[in-house]
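Numbered per mature numbering (1 follows the signal peptide of the UniProt record, and there is no 0), the sequence shown spans residues -22 to -1, 1 to 999. Yeah, the Cβ is synthetic: ideal placement off N, Cα and C, and Gly gets one too. Quick caveat, the model's predicted, so the values are computed rather than measured. Below you'll find the structure, written out as structure tokens, and then a few comments.
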Amino acid sequence: MHGLKPVARAILLLFTAAQACACEDDGTHDHGRRAASPVPLSPPTRPLQWGDINILHTTDTHGWLLGHQKKSFPEPNYSGDLGDFASFVSHMKQSAIDRDADLLLVDTGDLHDGTGLSDGFPPGGIDGHDSNQFLAQVPYDVMAIGNHELYIYANALDMHTNFAPQLKGRYLTSNVNITVADKQGSPVSIPLGNRFAKFKTRKGRRVTAFGVLFNFTGNDKNTTVQQVSDMVNEKWFHDAIQDEPDFFLVTGHMPVQRDDFPLVFNAIRAVHSSTPIVILGGHSHIRDCVQLDGRSMALESGRYMETIGWMSMDLDRRGSNKDLKFSRRYLDANRVTYEFHSRKRSSKFNTPLGKRITNGLLDLAKRFDLDFVFGTAPQDYVINQAPYPSNQSLLSLYAEQVVPVALSVNNTRSSIPSYFVTNSGSQRFDVFAGPFTKNDQIVASPFTNKFLFISNVTLSSATSVLPILNSQGELRRSVDDLDRREKELYAKGNIDIRFRQWLEAMDKRMGEEKRAAGNLTLGYVTHDSCPGVGDDIPHAPLPFFSFPDFIASGVPSVTSDTPIDLIFVDFIQDQLLNVLNSVQKDRVFSADDVQVYSPLLTNQVNFNLKFATFHSDVCVLLLSYGDNMVFVGKPRTYEKLERVAREEFSLAESTAVVFETSTLDICRQQKVRISKGAYGAMWHCLDALYVAIKPTEKSSAEVQVTNLPVASSSHDVELPASSPAPVDDEIASENDDDDGDDDAEEEETEQPAPPRNRRAAANRVMSTPPPEHGDANEETPQEEDEDEGEGGPPSDSPSTEEPANEVHEQEEEPSTRAISEPVHEENNEEEDAEEEEEEESGANASAPVHDADVIDEQQETPESPRRPVARQESLDDQEWAEARASSIIRPPTSAPRAPLAQTASIPGSPTRSAKAQTPSNSEVILPPSRASASSSIRRSIKSPRPAAPPVIAAHIYPPGSQASESSSRTVTPTYEPPHSQHLHITITYEDQSVEFKTRGRHTIKKVLTSACGQFGLDPRR
């Protein structure tokens, strides 16, 4: 199929086993000399039957020139590489000489699109150009063109210019032309190869050969495929068959049954009624054989270098009408098979040509970096051998997890609900347990389709498309396998239906019984239309499970009338548009409504980083900067990561870069900033990072502010732009235990990436042990969450789930202010006119906690703070009155038990004592915009004790301000972002204290609203 590389961001925690990545720190994995077979294999038991004419046949190799190297059966059956095959051909040619017989070697097309050897070329290369040079070294007598040579004009031109001439007139394209410029520069359509060939065998037998392609319509512009029915009426064809040869060799890229070989056969029979005719086909990827009459045989030999076809024919006198003696065999393509039939021991098997080809292919794989290991697949993911949907189904993995996540990365439409539909043929090959390499990525999905979408389709209409698409497919199969629509798909190159029908029939013939016997390995079990047993090695059939023609992602959690993006691949555009217009009448959708959803192509969206994500020793990073992406060896230090990013994207040394990720489960597909200190602790579990330029701080006004009152400003607060930024040294953790307390790990201040919308504020849970002493004025060391460096997971709506307990490390926090001391603020400032908007959005920004008791009691208000000297905008009196929140609030009665205390912290802030003094004046800048001002609030769980009446103290201080040094322990300050400011809210019970702090550029009132919301308090009071 023509049709269906980042990034597969699959869901974490799907797999729990972490296996070794088996690669060095630079991200490479050297397999060295490929093993002959990954597991022991049984040899054949029957020799081949030789005749006067003997033929070795390959077809649909699709770049599988290094063989199949996975350990899961049936892959070991096909572990021979092209060098092994070349050695085998050399030995068989010599055997033919020894037997005084002729041996021909024939291939019937599709050399492109399948593995990294053909498709893994660097930018600017041509598909198959390098790999085809090794095929040209194998002594083929005849080769025919396939449809995969014609999807891209550059590939077709390369075959015409560089490959066909090496066959010296025997690369046959009987009904395929290419348009090129003649000597005068005018376009002219000429045969891409040769229309036919006449030659003599080593024994002097005359052969007339053709190479015919099925009626293919998916070819690129400036290439032409003539209908087979028209070709046989051409004058050149009639001239070519006038002279009678010893036999006709009709090669072609089409199935030997249910296609147009009979047209060519009958045209020849009309002139030569008894001349032997050998037909060699391909395209449908199956093993098949049929005899159109007693003096002919047609053979098709599988796919992907899994099968080597063998045919023999004994000739008789010319003019005889008796049936000829034919034989056929399907050989498993491995060295055990080759050694058996060539009668060569392993030590004597390799020929100089074979070794050159194998070493050359290994060098090509190294040059294309095909052995690069992204990670380790924990199990097999199969297309046909497991039910769909299921945990073993590759289609489930692809449509439901990999594609939706990958398309959301760096996509401005990712916040809009979407539904993805694709054809099940989008995945071409299974993914097997073990190292997942660059080559495996290409093998699973070599196609290059675009992701398109139609916007504003209601969910009900979008989800109605899938069942109708699939019901149409069922109707087609129940009426006629080749009705109009299936013929259209087949004409474009889609052979999935035929191949699956073959597998299904194979399994139905006692497949379960043979597998249960356990005495046979899995493999192909062929029942064709020719006499005798065709398979060289007996196998148990592969299990087969049917699946629909079309598959889809999970349905988004929105109402049925919600407009969403309907995403699909361009291969199914016409069919999807027709169905979409049939399921709704509100609007007629056309191609004008279709847009490109992502610059990624289908072969760029795969499972590489999925398998890398959940392993602890991934050795590669995918760095993205704008539209540019590059894989790099994973640096272990933040400084080296910065250097690598600047080098790869040509950034100046003075450029301040920051890094974000969205691939970890906790990120929930949102970009989260990674601090320098956090990187050292989490580098091993990162797979992909976004590189961004640290924004330059700008301001529209400067004011002098001293001790801003709580909730009195809704602006972001920054240091002056002229203030030098502190050196951002990497600090993983520091211990300072002056007073004999337990060591506590300090976390560096981090600034997460802004959420995609103003509602994207989420909570994290940290476990806080109860203090050893009942003094509420002393802060107890708190444990740090393992994912501290990742920040809280943004979400599109407030969280309502109760997070599970997690394991945490200890973290030092500043001491809290004395609970009985009111906060006196000086030089207070009026809020700007946007305060009303903030009050409306604040509720959305806060994430309500349903697992904490709510305190809803009368609160007393202390002396209100004084207003600031300078201000940007004014508030009305009522707003200001509401903003005058008390700095000490005492409920008159005992509070109920409160199992949860809430915290959001920026570790590394200046140390404050239990009787902290008022911070000194600080110059700050109030930025003009508060867009995307939402924060991630951390929540802390503590073991409750009998509750006492809480005391809530709140105050704010700018970064760098000094507090009393009388704390019971000290914390080494770390780098504070220039636009960061701390808001501390202390909720104190008899045995509990919790501290809130802002992260990044967040408005003070929004943080206060979110914090008070955790305890059911009205921030305006």
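Asked                                                                                                                                                                              : Found
Distance, Cα to Cα, Ala656 vs Phe567?                                                                                                                                              : 48 angstroms
Any idea if Gly163 is buried or exposed, counting beta-carbon neighbours within 10 angstroms, 16 or more meaning buried?                                                           : exposed
Exposed or buried, which one is Arg306 when buried takes at least 16 other CB atoms within 10 Å?                                                                                   : buried
By the DSSP assignment, the beta strand (DSSP E) with Asn244 in it spans what residues?                                                                                            : Per DSSP, Asn244 belongs to no beta strand (DSSP E); it is in the alpha helix (DSSP H), 239 to 247.
When burial is assigned at 16 or more other CB atoms within 10 Å of the CB, is Arg875 buried or exposed?                                                                           : In this prediction, Arg875 scores a pLDDT of 38, lower than 50, which makes its location untrustworthy; the coordinate-derived value is nonetheless stated afterwards. So Arg875 ends up on the exposed side.
Look up Asp552 in the DSSP assignment and say whether it is helix, strand or coil.                                                                                                 : helix
So, with DSSP's three-state summary, where would you put Thr415?                                                                                                                   : strand
Which of the three DSSP states is assigned to Trp42 in this structure?                                                                                                             : coil
Figure out for me which residue from Leu629, Val443, Leu128 has the closest Cα to the Cα of Gly604.                                                                                : Leu629
Assuming the contact rule is C-beta atoms closer than 8 angstroms, Ala142 and Leu170 should be a hit. Round their C-beta distance to whole Å, please.                              : 7 angstroms
Indicate the three-state DSSP secondary structure (helix, strand or coil) for Ile335 in the structure shown.                                                                       : helix
So which of Arg334, Asn55, Asp38, Trp28 has the shortest CA-CA distance to Pro21?                                                                                                  : Asn55
Hey, out of Asn193, Glu638, Pro367, whose CA is closest to Gln379's CA?                                                                                                            : Pro367
Going by alpha carbons, who is nearest to Lys178 out of Ser57, Pro223, Lys48, Ser632?                                                                                              : Pro223
Spell out the partners DSSP gives Leu81 in its beta bridges.                                                                                                                       : Asn32
Smallest Cα separation from Arg313: which of Leu60, Gln551, Tyr376?                                                                                                                : Leu60
Are the segment 238 to 247 and the segment 126 to 144 in contact at 8 angstroms, needing three or more beta carbon pairs?                                                          : no
What separation, rounded to the nearest whole angstrom, lies between the Cα atoms of Arg247 and Thr151?                                                                            : 21 angstroms
Looking only at its chain, what residues have a beta carbon closer than 6 angstroms to the beta carbon of Met137, apart from the 5 residues adjacent to it on each side?           : Glu127
Note down, in chain order, each residue of its chain lying with its Cβ closer than 7 angstroms to the Cβ of Ile335, except the 5 sequence neighbours on either side.               : Leu60, Gly61, Ala64, Phe112, Gln115
By Cβ distance below 8 angstroms, which residues in the same chain neighbour Ala422 in space, the five residues on each side in sequence not counted?                              : Leu372, Gln405, Arg406, Phe407, Asp408, Val409, Asn584, Phe585
Quick check on the burial criterion: 16 or more other C-beta atoms within 10 angstroms. Buried or exposed for Ala159?                                                              : exposed
Would you please state the rounded distance, in angstroms, between the beta carbons of Ala218 and Phe174? I believe it to be under 8 angstroms.                                    : 5 angstroms
In angstroms with no decimal places, state the Cα-to-Cα distance between residue 1006 and Asn193.                                                                                  : Given a span of -22 to 999 for the chain in the structure shown, any question on residue 1006 remains unanswerable.
List the DSSP bridge partners of Trp288.                                                                                                                                           : Leu34, Arg307
Extract the residue ranges of the alpha helix (DSSP H) inside the segment 376 to 452, only unbroken runs of 4 or more that lie entirely within it.                                 : 381 to 386, 416 to 422
Roughly how many angstroms separate the alpha carbons of Thr23 and Asp514, rounded to a whole number?                                                                              : 8 angstroms
Taking Cβ positions, are Tyr575 and Phe429 nearer each other than 8 angstroms?                                                                                                     : yes
Is the beta carbon of Asp119 closer than 8 angstroms to that of Arg77?                                                                                                             : no
Under 7 angstroms Cβ to Cβ from Thr426, same chain only, skipping five residues before and after it: list those, please.                                                           : Leu579, Thr580, Asn581
Rounded to whole angstroms, what's the CA-CA distance from Gly280 to Asp108? Just pull it up for me.                                                                               : 24 angstroms
Helix or strand or just coil, what does DSSP make of Val203?                                                                                                                       : strand
Can you find at least 3 beta carbon pairs, one from the segment 248 to 266 and one from the segment 527 to 546, that sit closer than 8 angstroms?                                  : no
Within the same chain, show all residues whose beta-carbon is closer than 6 angstroms to that of Leu995, passing over the 5 residues directly before and after it, in chain order. : none
Tell me whether the beta-carbon of Leu145 lies closer than 8 angstroms to the beta-carbon of Val185.                                                                               : no
How many Å lie between Ala670 and Ser167 at the Cα?                                                                                                                                : 51 angstroms
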